[in-house]
Amino acid sequence: MSRILRLIRKLPAAINLAPREWLDLVHAVGALRHALRQTRRLSAGQVLAAPQPAPAQPLPEATARQVARVRIAVQRAASIVPFRSDCLIQAYAARQWLAEDGIASDLKLGARRDAKGGLDAHAWLVWNGEVVTGGDISGFQPFA
């Protein structure tokens, strides 16, 4: 199914978004577009080594709410944008957005063996031990 048809199918749900959710969705689309451009020009090492803010101590409730908002917005936006928004793009976009808000997170790249003996590669973002983007990461081993 084309991206346009998927977008049309999701429009009724999008109409019901609260104003803050609309703003987050727009921010997430921009973050994904920026992440796509950056990951095209940077090496994997440069993507992983992007500077991060020092983590806030202690972790305030507001930070957890912001992380949840970023998670939801990036997932929503990734499902409707008309460009590549795979796991690496989502993890990079969410990481940069959180960094703008002064929230440190860890972008992980890893792999696991698939059923045919090949390798599946994956990227995910972790904050405070919680997976922000990347879904189920069971079986994936992060690269050193």
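Per the working numbering, residue 59 is the first one in the sequence shown, and the count goes up by one each step. All C-beta atoms, glycine included, are put in the ideal place defined by N, C-alpha and C.
With DSSP as the reference, please indicate the residues paired to R197 in a beta bridge. The sequence as given places Gly at residue 197; Arg does not occur at that position. G197 is not bridged to any residue.
Let me confirm a value: Q148 is counted as buried when at least 16 other C-beta atoms fall within 10 Å, else exposed. Which label applies? buried
Is L106 close to the ligand NAD? I mean its beta-carbon at under 8 Å from any heavy atom of the ligand. This structure does not include the ligand NAD; it has no bound ligands of any sort.
I need the DSSP call for L106, collapsed to helix, strand or coil. helix
Using the rule of at least 16 other Cβ atoms within 10 Å of the residue's Cβ for burial, across every protein chain shown, is W80 buried or exposed? exposed
Along the chain, where does the alpha helix (DSSP H) containing I88 start, and where does it finish? Checking the sequence, you will find Gly at residue 88 rather than Ile. From DSSP, the alpha helix (DSSP H) with G88 extends over P77 to R99.
Close Cβ partners of G171 (< 7 Å) along its chain, the five nearest in sequence each way excluded: According to the sequence as given, residue 171 is Arg; it is not Gly. Same-chain partners within the cutoff: L177.
Candidates L183, A179, S143 and A169: which alpha carbon is nearest A162's? L183
Restricting to Cα atoms, I'd like to know which of I73, A93, D194 and R142 is closest to Q108. Reading the sequence as shown, one finds Ala at residue 108 and not Gln. Checking every option, the nearest Cα to that of A108 belongs to A93.
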